[in-house]
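I have placed the structure first, in the form of structure tokens, so that the comments after it can refer back to it.
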Amino acid sequence: MTEKERMFAGKLYHPRRITENQWNVIRPACKKFNESEFWQNHHALEELKCYFAKAEDDMVLTPPFYCYHGDKIYFGKHFYANTGLTILDENKVIFGDDVFLGPHVSIYTVGHPISAEVRNLGLEYSKPIKIGNSVWIGGNVVINPGVTIGDNVVIGSGSVITKDIPNHVVAAGNPCKVIRQISEEEIKNWKEQLEEYQKETL
1 MTEKERMFAG KLYHPRRITE NQWNVIRPAC KKFNESEFWQ NHHALEELKC
51 YFAKAEDDMV LTPPFYCYHG DKIYFGKHFY ANTGLTILDE NKVIFGDDVF
101 LGPHVSIYTV GHPISAEVRN LGLEYSKPIK IGNSVWIGGN VVINPGVTIG
151 DNVVIGSGSV ITKDIPNHVV AAGNPCKVIR QISEEEIKNW KEQLEEYQKE
201 TL
């Protein structure tokens with residue numbers, strides 16, 4: 001098994017022994033995007049999107065943005081990220097549709113052994129992260145390796161997610177835990193506010 005195969009399998013691997021990577025192309029692309037006048041010129045973003053595994057036409061990415069490789073990141077439709085998104089994509093990061101990220105969200109697929117003896121050899125492991133459809137993640141949230149977040153989820157600001165989050169819940173905290181289910185009454189209330197908004201503005 002190669003180092004790269006070990007990486008995708010969640011086994012220990014040595015990152016410096018993986019020769020085929022995107023660093024030499026993704027870093028200049030990130031630098032160009034981060035220094036661009038993104039609010040009026042989308043050229044740098046369009047160039048950056050070419051290095052992602054999947055990126056829709058309507059995605060919004062606000063610099064600064066940083067990732068390791070890019071080619072392991074899958075963005076769904078209507079993706080929005082506020083400033084400061086960091087993705088350490090040693091493994092796959094998959095976003096569903098209608099995902100909104102607050103400022104300074106950090107997504108880490110890579111981790112290091114608890115054993116100092118093993119860790120000091122430069123070995124690490126990686127696990128994929130999946131984020132479902134219609135997810136809102138507040139600012140300064142950290143998502144750790146191997147986490148899956150379900151559909152229709154709200155994550156409170158400052159949360160540190162270490163375990164899977166199920167569908168249709170509000171979750172928050174360090175470590176992040178489910179606070180409550182999203183109720184039908186809440187949904188009804190927000191739909192009523194939407195109707196009021198549409199009547200008064202359209």
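Heads up: the sequence shown begins at 1 in our numbering, then just goes up one per residue.
Even for Gly, the Cβ is constructed at its ideal location relative to N, Cα and C.
Checking the DSSP bridge columns, you'll see glycine 111 partnered with Tyr125. The alpha-carbon of valine 118 is positioned some 29 Å away from that of isoleucine 26. Measuring C-alpha to C-alpha distances from glutamate 56 to each of Gly96, Lys92, Ile143, Arg17 identifies Gly96 as the nearest.
Here the segment 141-148 does not lie against the segment 66-86, with fewer than 3 beta-carbon pairs under 8 Å apart.
The secondary-structure analysis by DSSP pairs arginine 180 across a beta bridge with Val170.
The straight-line gap separating the alpha-carbon atoms of glutamate 196 and valine 60 is approximately 27 Å. Boundaries of the alpha helix (DSSP H) harbouring isoleucine 26: 23-34, taken from the DSSP string. A distance below 8 Å between beta-carbons, with the five flanking residues on each side excluded, links lysine 32 to the following residues of its chain, in chain order: Ala44, Glu47, Leu48. Between asparagine 167 and asparagine 152, the gap from beta carbon to beta carbon is short of 7 Å. Under DSSP, lysine 54 takes part in a beta bridge, and its partners are Tyr74. Straight through space, the alpha carbons of histidine 104 and threonine 62 are spaced by roughly 10 Å.
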